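Colleague: Residue numbers (our numbering): 169 to 954. Just so it is clear, CB atoms sit at the ideal spot from N, CA and C, and this is done for glycine as well. Note that the structure is a prediction, hence the values are computed from the model and not measured.
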Amino acid sequence: MAKHLLIVESPAKAKTIEKILGSDFEVKSCYGHIRDLEKEDMGIDIKNGYKPKYIISEDKQKVVKELKSIAKKSDDVWLATDEDREGEAISWHLCEVLGLDPKTTKRIVFHEITKPAIQKAVENPRFVNMDLVNAQQARRILDRIVGFELSPVLWRKMSMRNNLSAGRVQSVAVRIIVERERDITRFKVNSSFKVEAFFSADDINKKKVTFKADGPDKISDVNGANGYLEKCIGAKYTVKDIQVKPGKKSPSAPFTTSTLQQEASRKLGYSVSKTMLLAQKLYENGHITYMRTDSVNLSETALDASRAAIISQYGEKYHQQRVYKTKSESAQEAHEAIRPTDMNATTAGDADTTRLYELIWKRTMASQMADAQLERTIAKINVSTQPDMLTATGEVLRFDGFLKVYSEGRDEEDGEDENGGLLPPLTVGQALDFQRMQATERFTRPQPRYTEASLVKKLEELGIGRPSTYAPTISTIQARGYVEKRDKEGVKRNFQVLTLKDDKVTAVTDSENFGAEKSKLFPTDLGMVVNDFLREHFTKVMDYDFTAKIEAEFDHIAEGRQVWNKMIDDFYLPFHENVEHTIETASRAKGERELGVDPVSGKPVVARLGRFGPMVQIGVSATGEAAATEEKPRFAKLRTNQSIETITLEEAMELFKLPRNLGVFEGEDVVVNIGRFGPYAQHAGQFYSLKKEMDPYTVELIEVAPLIEEKRKAKAESEIKVFEKEKIRILKGPYGPYIKQGLRNYKIPKEQAETPAALTIEDVKVIIEEAKANPPKKAPRGKKGK
DNA sequence: CAGTGAGCGAGCTTCCGCTTGACTT
C-alpha cells in the first residue's frame with residue numbers, strides 16, 4: 169500500500185508521474201474542478217459579503233468519492249494541481265472536500281512532466297496560497313454575476329428566442345465579429361494602377377530569362393497610367409545601381425494552444441475544435457505534452473532531445489539553441505509549450521492525427537534551428553524618358569537553416585509582399601532588352617473576415633479567454649445564433665490592363681473573381697442586435713480592455729494587496745443598478761430599419777428582427793381596434809446571406825414575389841419558393857429542389873412538371889412497400905432497406921431486412937416502437953447533469 | 001424547405017475555467 173496520495177488534474181499526467189515517483193506514491197487525478205457555484209440564486213450570498221455557495225458537480229461525485237476513500241487509507245495527501253490561479257483553487261477545494269487543513273497539507277508544483285522536475289518539486293513542498301485562491305474566487309464570482317445578470321436582461325429585451333446569453337468573454341467575441349463585418353460593409357474600394365516592366369537578360373548559363381521590375385508609386389487613374397506608358401515609348405533602359413543586402417529569417421516559438429490552432433487552420437484547414445480533439449488524442453497516447461497551454465517554454469530534456477535530433481538529421485550547423493519568452497501578458501504558464509515527447513517518433517495514429525503531430529514535430533525542431541540566411545538584390549533601372557527609376561528585386565536563399573523543416577503559414581491580413589526569386593546577373597551601366605510594360609488596375613481590400621483561428625488570435629491578444637476555453641467559446645457564439653461559419657461566393661469584377669509593347673499602348677478589360685471566402689465567421693442579425701443592445705447599456709463590460717482591467721485587480725488580490733469581496737462589491741453595486749435600470753427603461757431591441765416605401769401601395773417597408781428571425785415587412789402592424797379594419801401587413805423572411813443591416817428596398821421587394829403559385833398540376837397546386845436548402849417546388853405535400861438553371865422568380869409550370877414526374881418515378885422505384893393509411897413507407901437505401909415515417913428513418917433489424925416486402929404493418933410498428941424506446945442518445949458537448 | 005409576426009404569461013433558458021468520457025452514423 170502506497171503511503172502518500174498525490175492528486176493531479178489530468179489522468180494522463182497521473183500515469184506518467186506515478187512511474188516517476190515509484191511505489192511510495194499513489195497518483196490520482198481529480199479531472200479539473202470538482203466543485204462549482206450552485207445555480208440557484210447565482211450561488212452567491214450577495215448580502216453576506218458575496219459568500220460563495222459551492223456544490224460538488226454532478227459529474228464529479230464519483231471521482232470525489234474515490235479520492236475520499238483513498239485519502240482515508242493514505243498517510244497523507246499531496247496536492248499537485250497546476251501552478252496557476254485555477255489550479256490553486258482546485259487544491260483548496262480538494263482540502264475542503266477531503267477534510268484537509270490547507271495550512272499544513274503539502275502542495276507541490278512543476279511545469280513539466282520530467283523526472284528532475286518532479287523530484288525537485290517533491291523535495292520542495294509548500295502550502296496552499298489563499299491569496300491566489302481568493303483571486304480565483306473573485307474571477308469565478310464576477311463571471312457568474314456578469315453572465316447570470318446580463319442573460320436574463322436579454323431574455324426580456326430581445327424579441328427573439330429564449331436561450332440567449334451574454335458573458336465577459338462571449339459577448340466581446342461577438343463584438344469583434346460584428347465590428348469587422350461593419351468595417352467591411354463601410355469599406356470604400358479604391359483602385360489604382362501598378363506598373364510592371366519585363367526585361368530579358370542572360371542568366372549564368374547564357375540562357376535568356378525574363379525578369380520583372382516594378383514601376384514608381386501606384387498611379388491613381390487610367391489617364392495617368394496611360395500617360396506614363398505613352399511617355400515610355402522608345403525609351404532606353406539601363407541598370408543604374410545594384411545593391412546586395414544580407415538578410416535573415418528566424419523561426420517562430422514552439423506551439424501554444426492558440427498558435428497551434430492558428431497553424432492547423434492555415435496549413436491543414438482544421439477547425440479549432442478538431443485540432444483540440446486530435447491534440448487530446450495525441451496527449452492521451454503519450455505523443456505530445458499537454459495541449460492547453462500558454463507557455464512557449466521547452467524543458468531541458470526537450471532541448472537536449474531536439475538538439476540530438478537536429479544534429480543527427482541535418483548536422484551541427486543547423487542547430488541553434490533558443491529560449492523564447494511569452495509575449496502575452498495574460499499567460500499563466502502552468503505547463504510547457506506543446507511539443508513531442510519523443511523527437512524520434514514520426515507518426516502517431518490515423519492520417520489526420522499524424523498530420524497534426526508532424527506540424528508539432530516540425531515546429532518544435534525549427535524552434536531550435538539556425539536562422540535562414542538570405543541575400544536580397546535591389547537593382548535600380550533608369551528610364552531615359554522619365555525621372556523615376558524602376559526597381560527590380562530578387563531574393564536568394566544562401567542558407568536554409570530552419571526553413572529546411574518548417575515555414576510558418578500566413579494570414580491573409582499580412583498582405584501580399586512576395587519578392588521575386590532569382591535575378592539574372594546584372595552590371596551597372598548595362599543596357600537592358602525591353603520586352604513590355606504593363607499597368608494593371610488593382611483594388612484596395614478591406615480587412616478579411618475572421619476565421620475561428622484568427623478570432624482566437626485576437627482574443628488572446630486582448631487577454632480574453634484561456635487555452636481551455638477558446639474552442640468552447642467559438643462553439644457557444646455559434647450555438648446561440650450570434651455568429652455563423654460559412655462560405656461566401658465571389659463576385660466578378662472587371663479591371664483594366666494597359667500594355668506597352670512594340671512602341672504601342674493597348675488597353676484591354678479583363679475580369680477576376682473576388683471576395684470569395686471559405687469557412688469565415690459572419691455575424692447574424694441576432695448577433696448584431698444583441699451586440700448593439702449590450703454596447704449601449706453595458707459599455708463597461710463590453711470594453712475590449714475590461715478583462716485586462718479586472719485581471720490587474722485579480723493580480724492585486726493574488727499579491728495580498730486587495731480584499732477580494734471588496735473588489736467584487738465595487739464592481740457589483742454600479743453594475744447591478746445598471747441592470748435594474750436597463751430592465752425598467754430600455755425598450756425591446758428589434759434592429760428596425762426603414763428601407764423606403766412600396767412603389768405599388770405606398771406603404772412603408774421595414775426590415776427588422778421578428779420573433780422567427782430577420783424579416784421585411786410592408787405596412788405597419790396595427791393593434792387593438794384598428795387591427796380589425798386595417799389591412800394586415802405582409803411579411804417575408806430574409807434569405808440566408810441577407811441582413812437587415814444591408815438589405816435594399818429592391819431586394820426586399822423581390823422577396824415578396826415568393827412564394828409563387830404556378831398553377832394546378834394533376835389536381836394539386838404547384839408552389840415555388842426559396843427555402844433553407846435553396847429554391848424548391850412544393851406539390852401534393854412533397855418538396856422538389858429546383859434545378860440550378862431554374863429561377864424561382866420566373867420559372868413556369870411547364871418546366872417544373874417534368875421535374876415532379878421524374879422525381880416521383882425515382883421515388884416509386886425505391887419504394888418496397890407503402891402503408892398508405894399510416895403514412896409509412898419501406899424504402900431501398902444505400903445501406904439496405906429502411907422504414908420512413910414522416911421525416912424520421914428507422915433501421916430494420918438484420919433478420920427482417922432480408923425480406924423487407926414481407927413485413928406487415930404490425931411488424932413495422934414494433935420496429936418503430938422499439939427504436940423509440942431506445943432512442944439514440946446524442947451527447948451534447950459540455951452539457952452535464954439531467 | 002409551411003406560416004408564424006400583437007400581447008398575455010407559465011416555465012424555461014444563462015456565465016467562465018478546469019478536466020474527460022460515451023454517444024451514434
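From which residue to which residue does the alpha helix (DSSP H) around MET735 run?
Modeller: Element bounds for MET735: 732–753.
Colleague: With C-beta atoms as the reference, is LEU235 less than 9 angstroms away from ILE175?
Modeller: In contact: LEU235 and ILE175 (Cβ atoms closer than 9 angstroms).
Colleague: Any idea what DSSP makes of PRO874, helix, strand or coil?
Modeller: Three-state result, PRO874: helix.
Colleague: Could you pull the start and end residues of the alpha helix (DSSP H) that ALA421 belongs to?
Modeller: ALA421 -> no alpha helix (DSSP H), and no H or E assigned at all.
Colleague: Just to confirm before moving on: does the CB-CB distance between ARG531 and PRO422 stay below 9 angstroms?
Modeller: For ARG531 and PRO422, yes; Cβs fall inside 9 angstroms.
Colleague: Could you check where the beta strand (DSSP E) with TYR222 kicks off and where it finishes?
Modeller: 222–224 is the span of the beta strand (DSSP E), which, as asked, contains TYR222.
Colleague: Just to confirm the assignment, what range does the beta strand (DSSP E) spanning LYS376 have?
Modeller: Per DSSP, LYS376 belongs to the beta strand (DSSP E) from 376–382.
Colleague: Could you check the C-alpha separation between GLY983 and GLY843 for me, to the nearest Å?
Modeller: There is no way to answer for residue 983, as the model of the chain reaches only from 169 to 954.
Colleague: Measure the C-alpha to C-alpha separation of PRO847 and LYS449 and round it to an integer number of angstroms.
Modeller: C-alpha separation (whole angstroms): 42 angstroms.
Colleague: Give me, in chain order, the residues of the same chain whose beta-carbon lies closer than 6 angstroms to that of PRO293; leave out the 5 immediate sequence neighbours on both sides.
Modeller: LYS274 and ILE276, listed in sequence order.
Colleague: So GLU462 and SER433 are in contact, right, with Cβ under 8 angstroms, and what is the actual spacing, rounded?
Modeller: Checking the displayed sequence, the identity of residue 462 turns out to be Asp instead of Glu. Going by Cβ atoms, the distance from ASP462 to SER433 rounds to 18 angstroms, so no, they are not a contact pair.
Colleague: Using the beta-carbon count (16 or more within 10 Å), is LEU332 buried or exposed?
Modeller: Under this definition LEU332 is a buried residue.
Colleague: Ignoring anything shorter than 4 residues, give me the alpha helix (DSSP H) runs that lie fully in the region 424–465, in order along the chain.
Modeller: You should have 425–436 and 440–452.
Colleague: Using the rule of at least 16 other Cβ atoms within 10 Å of the residue's Cβ for burial, across every protein chain shown, is ALA560 buried or exposed?
Modeller: The residue is buried, with at least 16 neighbouring Cβ atoms inside 10 Å.
Colleague: Given a cut-off of 9 angstroms on the beta-carbon distance, is the pair TYR396 and VAL363 in contact?
Modeller: Contact: yes.
Colleague: When you compare each of ARG336, TRP246, PHE367 and LYS187 to LYS283 by their alpha carbons, which one comes out closest?
Modeller: Considering only alpha carbons, the answer is LYS187.
Colleague: Roughly how many angstroms lie between the CA atoms of MET444 and LEU927, to the nearest whole one?
Modeller: Cα-Cα distance, rounded: 46 angstroms.
Colleague: Find the nearest neighbour of LYS240 within the set ALA939, THR595, THR816 and LEU268, judged by alpha-carbon distance.
Modeller: If we check each option's Cα against that of LYS240, LEU268 comes out closest.
Colleague: Can you tell me whether DSSP reads LYS362 as helix, strand or coil?
Modeller: Residue state, collapsed to three classes: strand.
Colleague: Is the beta carbon of GLU919 less than 9 angstroms from the beta carbon of GLN909?
Modeller: It is not a contact, given that the beta carbons lie outside the stated cut-off.
Colleague: For my contact list, PHE361 and ALA393 are in at a C-beta cut-off of 8 angstroms; report their separation, rounded to the angstrom.
Modeller: Contact holds; Cβ gap of about 4 angstroms.
Colleague: With which residues is ALA306 paired in a DSSP beta bridge?
Modeller: In the DSSP output, where bridge partners are listed per residue, ALA306 has none listed.
Colleague: So what does DSSP say about THR559, is it helix, strand or coil?
Modeller: THR559: strand per DSSP, three-state reduction.
Colleague: Can you name the residues that DSSP bridges to ASN841?
Modeller: In DSSP, ASN841 forms a bridge with TYR848.
Colleague: Per DSSP, ILE907 is paired with what?
Modeller: Partner(s): ILE898 and TYR914.
Colleague: When the Cα of ILE786 is compared with those of ARG779, VAL765 and LEU777, which residue comes out closest?
Modeller: Out of ARG779, VAL765 and LEU777, VAL765 has the C-alpha closest to the C-alpha of ILE786.
Colleague: Could you say if the region 721–738 and the region 203–220 meet the contact criterion of at least three C-beta pairs nearer than 8 angstroms?
Modeller: Output reads yes: the region 203–220 touches the region 721–738.
Colleague: For ARG253 and THR619, I'd like the C-alpha separation in whole angstroms.
Modeller: So the alpha carbons of these two residues sit roughly 30 angstroms apart.
Colleague: Judging by CA-CA distance, which residue of LYS900, LEU262 and ALA248 is the nearest neighbour of ILE224?
Modeller: Of the candidates LYS900, LEU262 and ALA248, the one whose C-alpha sits nearest the C-alpha of ILE224 is LEU262.
Colleague: Can you tell which of ILE929, GLU868 and VAL867 has the C-alpha that lies nearest to the C-alpha of GLU892?
Modeller: Among ILE929, GLU868 and VAL867, the Cα nearest to that of GLU892 belongs to ILE929.
Colleague: Identify the continuous alpha helix (DSSP H) that holds PHE722 and give its terminal residues.
Modeller: Residues 714–726.
Colleague: For a test of the three-state rule: what should DSSP assign to LYS771, helix, strand or coil?
Modeller: In the structure shown, LYS771 sits in coil (DSSP, three-state: anything other than H, G, I, E or B).
Colleague: Using DSSP's beta-bridge definition, name the partner residues of GLN411.
Modeller: ILE546, per the DSSP bridge assignment.
Colleague: For GLN810, name the three-state secondary structure that DSSP assigns.
Modeller: Three-state DSSP puts GLN810 in coil, outside helix and strand.
Colleague: Give the C-beta separation of ALA341 and LEU558 to the nearest angstrom, bearing in mind that I take them to be a contact with Cβ-Cβ under 8 angstroms.
Modeller: ALA341 to LEU558, Cβ: 46 angstroms. No contact.
Colleague: Relative to the C-alpha of ASP192, which residue among ASP209, ALA403, TRP246 and PRO179 is closest?
Modeller: It is TRP246.
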